[in-house]
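Asks: In case it helps, this note's numbering puts the sequence shown at residues 298 to 767. Encoded as structure tokens, here's the structure I'll be asking about.
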Amino acid sequence: MNRIETDYLVIGSGAAGLAFADTLLDETDARIAIIDRHGKPGGHWNDAYSFVTLHQPSAFYGVNSMALGSRRKDVIGPNKGMDELASGPEIAAYYDQLMNQKLLPSGRVAYHPMCNHLGDNAFESVLSGARTQVHVRKKVVDATYHSPAVPSTHAPRFRVADGVRLLPPNALPQLGVSRQSKAARRFVILGAGKTAMDACVWLLNAGAEPDAIAWVMPRDSWLVNRVTTQPAPEFFDQSIGGQADQMEAFAKATSTADLFARLEACGALLRIHSDQTPTMFHLATITPGEIDLLRKIGNVIRKGRVQAIEADHLVLDGGREPMPTDTLYIDCTASAVEPRPLQPIFQRDKLLLQLVRLPQPAFSAALVAYVEAHYGDDEEKNRLCGTVPFPHTLDDYLRSMAANLRNQFQWSQDKTLRQWIRDSRLDGFGRLMSSIDPQDTHKLATVDRLRKNAVAAMANLPRLLAAASR
Ligand SMILES: Cc1cc2nc3c(=O)[nH]c(=O)nc-3n(C[C@H](O)[C@H](O)[C@H](O)COP(=O)(O)OP(=O)(O)OC[C@H]3O[C@@H](n4cnc5c(N)ncnc54)[C@H](O)[C@@H]3O)c2cc1C
């Protein structure tokens with residue numbers, strides 16, 4: 298058994314673990330050991346399909362100290378006019394660069410890829426089986442709690458008959474060159490989340506006929522309109538004004554259904570099929586242009602989840618669906634974020650990274666590192682870093698927003714933390730707010746409207762939550 302010492306042992310080198318390590322390195326003199334079973338930093342981005350991109354602008358994803366992307370606007374495609382979205386390979390390269398150009402050269406970070414955490418501060422090399430025991434002087438940081446399940450590494454939860462062709466979306470761009478390409482003319486997309494939407498958009502853009510695609514959609518989903526997430530000044534009305542509108546919806550809504558109707562009416566949320574009432578909200582983010590493309594797919598199968606794929610039919614919760622035998626099934630059923638019970642983030646000698654702002658795992662991890670570096674006991678730290686649940690159902694969103702607003706209020710009361718947030722590149726709208734010209738009465742009035750509506754939203758949320766629990 299090898300033995301090493303460190304101040305912090307970070308388990309997981311995905312977006313959360315690296316955003317935490319980056320800020321902790323800048324704010325303290327600590328030594329940090331990072332372990333991960335992947336061969337490269339970047340977590341699930343290493344396993345993603347090649348046409349994946351961020352949901353959100355690159356401008357505020359990654360780590361605090363290093364820009365991702367070059368703040369270009371897309372000039373083609375459905376994201377035209379909006380901030381660029383980094384692709385999976387770009388994100389993986391970014392984290393590689395962070396590791397090799399900042400973390401390791403600092404001399405205070407040790408990185409142990411291809412190693413499984415065994416518990417009790419020990420890890421084992423996947424390649425050699427060598428075991429290492431870590432003496433942790435300060436804390437163990439679990440950066441795996443909200444690690445998403447992605448198609449290429451998850452196991453489908455339904456039966457698949459022999460001979461059925463079921464592939465992850467990763468295989469789609471290789472269809473022309475792989476043995477799987479034989480007669481791939483009919484496609485069934487399984488799943489209704491963002492991965493499924495990405496796969497449909499990719500197929501349509503790559504030349505598949507809309508009629509050749511069937512889409513198994515167990516539930517419909519509300520989607521965030523990407524135009525409301527833009528950090529550029531020309532989008533001020535959509536982003537900051539959009540936040541003010543959303544807070545107004547929370548302040549005036551009388552029920553969850555009324556809230557979502559208001560959020561759609563003010564342009565914050567979109568849905569693919571306006572004749573369906575969504576029951577799911579995972580904060581997947583999309584543009585109106587992508588919605589137009591997705592609406593071209595007419596064959597949407599709403600019979601619940603897949604139970605089995607047989608040679609010539611699908612078995613779904615709601616019955617059978619005949620399918621030609623040469624159908625290619627694309628598995629987009631990995632659940633991304635699994636619901637897990639919330640726990641305090643600061644737990645004496647352990648830190649369990651979770652969201653403190655929705656839906657921002659990178660910002661959340663960096664803020665937790667800042668609080669770890671500069672604040673007192675666990676009680677104070679947990680007060681500043683209340684956990685924000687990731688929503689799944691529509692009612693969940695009320696709980697998420699209540700926790701989000703509570704944190705936002707706590708941060709606004711603390712001058713130092715407020716300033717750190719404002720200066721952080723991971724705070725999407727910080728620069729937009731701080732760069733307002735004092736003569737710009739329209740923008741100042743918008744910010745004032747946002748503040749007043751946020752207070753009114755906080756006051757109305759307990760009523761909405763009570764109505765939801767009846
Ligand atoms: C397609 C897609 C697009 C997304 N787009 C956005 C976006 O635009 N903006 C946004 O904020 N979020 C986005 N997300 C959410 C995403 O969950 C986060 O951005 C983030 O990448 C999650 O990082 P993580 O560190 O929590 O998890 P991961 O990236 O999964 O990292 C966890 C790491 O822990 C390692 N690990 C786990 N267990 C062990 C163990 N026992 N021993 C050793 N290592 C272990 C894993 O190997 C992994 O590398 C997206 C998610 C997906 C799937």
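Positions of the beta carbon are idealized from the N, C-alpha and C atoms, including for glycine. Predicted, not measured: the structure shown is a model, and the values here were computed from it.
Out of Asp589, Arg696, Pro621, which one is the CA nearest neighbour of Leu639?
Replies: Taking the sequence shown and counting its residues from 1, one reaches residue 639 at position 342. Answer by Cα proximity: Arg696.
Asks: Would you say the beta carbon of Thr584 is closer than 8 Å to some non-hydrogen atom of ligand 1?
Replies: Against the sequence shown, residue 584 aligns to sequence position 287. Not under cutoff, so the answer is no.
Asks: Does the Cβ of Pro445 lie closer than 8 Å to at least one heavy atom of ligand 1?
Replies: To locate residue 445, count along the sequence shown from 1; it is residue 148. Checking every heavy atom of ligand 1 against the Cβ of Pro445, one is found closer than 8 Å.
Asks: Could you tell me whether the Cβ atoms of Ser367 and Asp323 are closer together than 9 Å?
Replies: Translated into positions along the sequence shown, residue 367 becomes position 70. Translated into positions along the sequence shown, residue 323 becomes position 26. No. Outside cutoff.
Asks: Report the rounded CA-to-CA distance for Thr772 versus Arg748, giving the unit in angstroms.
Replies: Outside the displayed span of the chain (298 to 767) sits residue 772, for which this structure offers no information.
Asks: Contact between the region 308-320 and the region 657-669 is defined here as three or more beta-carbon pairs at a separation below 8 Å; is this criterion met?
Replies: Result yes; three or more Cβ-Cβ pairs closer than 8 Å.
Asks: Any heavy atom of ligand 1 within a distance shorter than 8 Å of the CB on Pro656?
Replies: Taking the first residue of the sequence shown as 1, we reach residue 656 at position 359. Pro656: yes, Cβ under 8 Å from ligand 1.
Asks: Taking the alpha carbon of Tyr305 as the point to measure from, which residue in Leu648, Ala753, Ala699, Phe420 has its own alpha carbon closest?
Replies: Numbered from its first residue, the sequence shown carries residue 305 at position 8. Per the Cα distances, Leu648.
Asks: Output yes or no for whether 9 Å exceeds the beta carbon distance between Val597 and Ile606.
Replies: Mapped onto the sequence shown, residue 597 falls at position 300. Mapped onto the sequence shown, residue 606 falls at position 309. Not in contact: Val597 and Ile606 (Cβ atoms no closer than 9 Å).
Asks: One question on the structure: do Pro338 and Asp393 come within less than 9 Å of each other, judged by their Cβ atoms?
Replies: Translated into positions along the sequence shown, residue 338 becomes position 41. Translated into positions along the sequence shown, residue 393 becomes position 96. A contact, by the Cβ cut-off of 9 Å.
Asks: If you measure between the beta carbons of Phe557 and Pro575, is that distance less than 9 Å?
Replies: Mapped onto the sequence shown, residue 557 falls at position 260. Mapped onto the sequence shown, residue 575 falls at position 278. Contact: yes.
Asks: Just to confirm the assignment, what range does the beta strand (DSSP E) spanning Thr429 have?
Replies: Counting from one through the sequence shown, the residue named residue 429 turns up at place 132. Per DSSP, Thr429 belongs to the beta strand (DSSP E) from 428-439.
Asks: Helix, strand or coil: how does DSSP classify Pro619 here?
Replies: The sequence position of residue 619 within the sequence shown is 322, counting from 1. Pro619: strand per DSSP, three-state reduction.
Asks: Taking the alpha carbon of Arg637 as the point to measure from, which residue in Asp589, Arg719, Arg767, Pro688 has its own alpha carbon closest?
Replies: Translated into positions along the sequence shown, residue 637 becomes position 340. Checked all of Asp589, Arg719, Arg767, Pro688; the closest Cα to Arg637 is Pro688.
Asks: Applying the criterion that 16 or more other CB atoms from any shown protein chain within 10 Å of the CB defines a buried residue, is Ala700 buried or exposed?
Replies: Against the sequence shown, residue 700 aligns to sequence position 403. Result: buried.
Asks: In or out: Leu382 buried (at least 16 other Cβ within 10 Å) or exposed?
Replies: Within the sequence shown, numbered from 1, the residue matching residue 382 stands at position 85. Result: buried.
Asks: At 3 residues or longer, what runs of the beta strand (DSSP E) sit wholly inside the region 613-694?
Replies: Taking only runs of at least 3 residues, the beta strand (DSSP E) segments lying wholly in the region 613-694 are 616-619, 625-628, 647-649.
Asks: Is any heavy atom of ligand 1 found at a distance shorter than 8 Å from the C-beta of Cys629?
Replies: Translated into positions along the sequence shown, residue 629 becomes position 332. No, Cβ of Cys629 sits at least 8 Å from all heavy atoms of ligand 1.
Asks: Is Arg746 near ligand 1, going by C-beta to nearest heavy atom under 8 Å?
Replies: What you label residue 746 is simply residue 449 of the sequence shown in a count that begins at 1. Because no heavy atom of ligand 1 lies under 8 Å away, the Cβ of Arg746 does not count as near it: no.
Asks: Suppose you measure from the CA of Arg523 to the CA of Leu652; what does that come to, to the nearest Å?
Replies: One-based indexing of the sequence shown puts residue 523 at position 226. One-based indexing of the sequence shown puts residue 652 at position 355. Whole-angstrom Cα-Cα distance: 20 Å.
Asks: For Asn299, is the classification buried or exposed, using 16 other Cβ atoms within 10 angstroms of its Cβ as the cut-off for buried?
Replies: Within the sequence shown, numbered from 1, the residue matching residue 299 stands at position 2. Exposed, since its Cβ has fewer than 16 Cβ neighbours within 10 Å.
Asks: Going by the DSSP bridge assignment, what does Trp499 pair with across the sheet?
Replies: Here the question's residue 499 lines up with position 202 in the sequence shown. None, per the DSSP bridge assignment.
Asks: On the premise that Met730 lies in contact with Val752, defined as a C-beta separation below 8 Å, what is that separation, rounded to the nearest angstrom?
Replies: Here residue 752 is taken as the residue at index 455 of the sequence shown, counted from 1. Here residue 730 is taken as the residue at index 433 of the sequence shown, counted from 1. Rounded, the Cβ-Cβ distance is 17 Å, inconsistent with contact.
Asks: Check each candidate in Val431, Ala764, Ser661, Ala312 and name the one with the smallest Cα separation from Ser444.
Replies: Taking the sequence shown and counting its residues from 1, one reaches residue 444 at position 147. Ser444 has its Cα closest to that of Ala312, out of Val431, Ala764, Ser661, Ala312.
Asks: If the criterion is Cβ atoms closer than 9 Å, does the pair Tyr626 and Leu463 meet it?
Replies: Residue numbering aside, residue 626 sits at position 329 when the sequence shown is read from its first letter. Residue numbering aside, residue 463 sits at position 166 when the sequence shown is read from its first letter. Yes.
Asks: Output yes or no for whether 9 Å exceeds the beta carbon distance between Arg516 and Ala481.
Replies: Within the sequence shown, numbered from 1, the residue matching residue 516 stands at position 219. Within the sequence shown, numbered from 1, the residue matching residue 481 stands at position 184. Not in contact: Arg516 and Ala481 (Cβ atoms no closer than 9 Å).
Asks: For chain C, find out if any of its Cβ atoms is closer than 9 Å to the Cβ of Arg368; answer yes or no.
Replies: In the structure shown, chain C does not exist; there is a single protein chain.
Asks: So, with DSSP's three-state summary, where would you put Ser347?
Replies: Indexing the sequence shown from 1 puts residue 347 at position 50. Reduced to three states, the DSSP call for Ser347 is coil.
Asks: May I ask you to report which of helix, strand or coil DSSP gives Trp519?
Replies: In the sequence shown, residue 519 corresponds to position 222, counting from 1. The answer is coil: DSSP assigns Trp519 none of H, G, I, E or B.
Asks: Check whether the region 584-598 and the region 499-519 touch, using three or more Cβ-Cβ pairs below 8 Å as the test.
Replies: Segments in contact, yes.
Asks: Just to confirm, does Val433 get its C-beta within under 8 Å of one of the non-hydrogen atoms of ligand 1?
Replies: As a position in the sequence shown, residue 433 is number 136, starting the count at 1. No, the beta carbon of Val433 sits no closer than 8 Å to any heavy atom of ligand 1.
Asks: Alpha carbon to alpha carbon, how far is Gly673 from Gln707?
Replies: Counting from 1 along the sequence shown, the entry for residue 673 is found at position 376. Counting from 1 along the sequence shown, the entry for residue 707 is found at position 410. If you take the alpha carbons of Gly673 and Gln707, they lie about 15 Å apart.
Asks: Skipping 5 residues on each side, what residues in its chain have a beta carbon closer than 6 Å to that of Val457?
Replies: One-based indexing of the sequence shown puts residue 457 at position 160. Hits under 6 Å: Leu463, Ile606.
Asks: I want to check one thing, is the minimum distance from the CB of Gly426 to the heavy atoms of ligand 1 below 8 Å?
Replies: Taking the first residue of the sequence shown as position 1, residue 426 is located at position 129. Checking the Cβ of Gly426 against ligand 1 gives no.
Asks: Would you check whether ligand 1 has a heavy atom nearer than 8 Å to the C-beta of Ile308?
Replies: Position 11 of the sequence shown, counted from the first residue, corresponds to residue 308. Yes, since a heavy atom of ligand 1 falls inside the 8 Å radius drawn around the Cβ of Ile308.
Asks: Pairing CB atoms from the region 327-334 with CB atoms from the region 409-423, are three or more of them under 8 Å?
Replies: Cβ pair count under 8 Å is three or more, so yes.
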